[in-house]
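Quick note, the sequence shown lines up with residues 102 to 355 if you use the working numbering. The C-beta atom is built at its ideal place from N, Cα and C for all residues, glycine as well.
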Amino acid sequence: MGKIIAIANQKGGVGKTTTSVNLAASLGVLEKKVLLIDADPQANASSGLGIDVEAVEYGTYQVLEHTVNVKDAIVKTDSPNVDIIPAHIDLVAIEIELVDKQNREYMLKKSLVEIKDNYDYILIDCAPSLGLITLNSLVASDSVIIPIQCEYFALEGLGKLLNTIKSVQNIHNPDLDIEGLLLTMFDSRLRLSNQVVDEVRKHFSSMVFDTIIRRNTRLGEAPSYGESIIDYDATSKGAVNYLNLAQELLKKNA
Numbered sequence: 102m103g104k105i106i107a108i109a110n111q112k113g114g115v116g117k118t119t120t121s122v123n124l125a126a127s128l129g130v131l132e133k134k135v136l137l138i139d140a141d142p143q144a145n146a147s148s149g150l151g152i153d154v155e156a157v158e159y160g161t162y163q164v165l166e167h168t169v170n171v172k173d174a175i176v177k178t179d180s181p182n183v184d185i186i187p188a189h190i191d192l193v194a195i196e197i198e199l200v201d202k203q204n205r206e207y208m209l210k211k212s213l214v215e216i217k218d219n220y221d222y223i224l225i226d227c228a229p230s231l232g233l234i235t236l237n238s239l240v241a242s243d244s245v246i247i248p249i250q251c252e253y254f255a256l257e258g259l260g261k262l263l264n265t266i267k268s269v270q271n272i273h274n275p276d277l278d279i280e281g282l283l284l285t286m287f288d289s290r291l292r293l294s295n296q297v298v299d300e301v302r303k304h305f306s307s308m309v310f311d312t313i314i315r316r317n318t319r320l321g322e323a324p325s326y327g328e329s330i331i332d333y334d335a336t337s338k339g340a341v342n343y344l345n346l347a348q349e350l351l352k353k354n355a
């Protein structure tokens with residue numbers, strides 16, 4: 102049975118999409134069958150894997166609305182063993198459209214039931230908010246990865262996210278685990294980066310992944326070519342970091 106992992110943090114610019122795309126590609130290279138769900142109206146995970154967002158006919162929007170079968174929304178990518186359910190800017194309307202629906206928090210969970218066994222891992226790239234789409238993602242997931250950038254405001258808002266996760270555990274999904282906190286955008290030359298790493302490890306110890314994602318120019322360039330870092334430059338530090346993360350995840354779930 103596949104494991105569903107949400108990649109979430111309501112703060113923008115912390116490396117959620119970068120992690121979603123490159124972790125998916127790394128798991129694919131390690132011969133795991135992966136589905137990436139783009140649950141962010143900005144659709145950056147979709148374009149980051151070479152999907153023409155304007156041409157998306159069926160995607161996360163229709164899956165959440167239950168207007169198409171989830172299998173019809175799955176698109177193959179050029180990344181080995183990686184499929185995607187893409188997003189479109191229309192997804193921004195789903196918050197309003199679901200508000201009157203009964204069991205609106207369970208729409209994604211219900212849709213994924215019939216395909217969960219077809220994949221080793223299903224990763225959900227969440228929007229930078231704690232709205233209804235992110236709530237659906239957390240309710241549907243087995244665990245959550247929280248990217249934290251190694252910068253001054255790193256821990257700001259983390260308490261809020263952890264409270265939301267606790268609330269989801271209490272009300273909707275008692276089996277939801279925290280897979281781990283992932284330190285991103287690390288620059289070893291900056292004292293602040295090192296301080297943030299020390300602080301996070303001190304407070305959350307075993308919850309923090311050993312792998313740290315370093316700042317890397319190639320990581321920033323890859324999405325503009327519609328490729329993961331594994332396809333764009335497999336020898337770069339960014340690719341090595343995400344392959345290490347994938348191996349750590351597999352070891353943790355062995």
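If you check the beta carbons only, do alanine 255 and valine 309 fall under 8 Å apart?
no
Between serine 230 and leucine 209, which are expected to be in contact by the criterion C-beta below 8 Å, what is the C-beta distance as a whole number of angstroms?
Actually they are not in contact, since the Cβ atoms of serine 230 and leucine 209 sit about 15 Å apart, beyond 8 Å.
Could you tell me the alpha carbon to alpha carbon distance between isoleucine 249 and leucine 283, rounded to whole angstroms?
6 Å
Separation of proline 142 from arginine 290, as counted between CA atoms:
35 Å
Where lysine 104 sits in the DSSP three-state scheme
When secondary structure is reduced to three states using DSSP, lysine 104 falls in the strand class.
Assign aspartate 153 to buried or exposed, taking buried as 16 or more other Cβ atoms, counted over all protein chains shown, within 10 Å of its Cβ.
exposed
Three-state class that DSSP yields for glycine 113 in the structure shown
coil
If distances are taken between C-alpha atoms only, which option among Pro181, Lys134, Val240, Ser307 comes closest to asparagine 271?
Among Pro181, Lys134, Val240, Ser307, the Cα nearest to that of asparagine 271 belongs to Val240.
Measure the CB-CB distance between glutamate 252 and leucine 293 and report whether it falls below 8 Å.
Glutamate 252 places its beta carbon less than 8 Å from that of leucine 293.
Identify every run of the beta strand (DSSP E) within the region 133-162, keeping only runs that are complete inside it and at least 3 residues long; order them along the chain.
135-140
Touching or not, the region 339-354 and the region 304-324, by the rule of three or more beta carbon pairs under 8 Å?
yes
Entirely within the region 218-294 and at least 4 residues each: give me those alpha helix (DSSP H) ranges in chain order.
233-241, 259-272
Counting only beta-carbon separations shorter than 8 Å, does lysine 133 have a partner in chain C?
This model lacks chain C altogether; it includes just one protein chain.
Which whole-angstrom value is the C-beta distance of alanine 107 and aspartate 139, which I expect to be below 8 Å?
Contact between alanine 107 and aspartate 139 does not hold, since their C-beta atoms are separated by about 12 Å, which reaches or exceeds 8 Å.
Could you round the C-beta distance between asparagine 135 and tyrosine 220 to whole angstroms and report it? I think they count as a contact, below 8 Å.
A quick correction: the sequence has valine, not asparagine, at residue 135. At roughly 6 Å, the Cβ-Cβ gap stays under 8 Å, so valine 135 and tyrosine 220 are in contact.
Closest Cα partner of isoleucine 331 within the set Glu166, Leu150, Thr265, Arg302:
Leu150
Going by DSSP, name the residue or residues bridged to aspartate 184.
By DSSP's assignment, aspartate 184 forms a beta bridge with Leu136, Lys177.
Own chain residues within Cβ distance below 6 Å of glutamate 322, not counting five before or after:
none
Aspartate 278 to serine 306, Cα distance in whole Å?
Using only the alpha carbons, I get a separation of about 16 Å.
Same chain, Cβ closer than 7 Å to asparagine 317, five either side skipped, listed in chain order:
Ser337, Lys338, Gly339
Anticipated Cβ contact below 8 Å, aspartate 243 with lysine 117, distance rounded:
With 8 Å as the limit, aspartate 243 and lysine 117 do not qualify as a contact, their Cβ atoms being about 18 Å apart.
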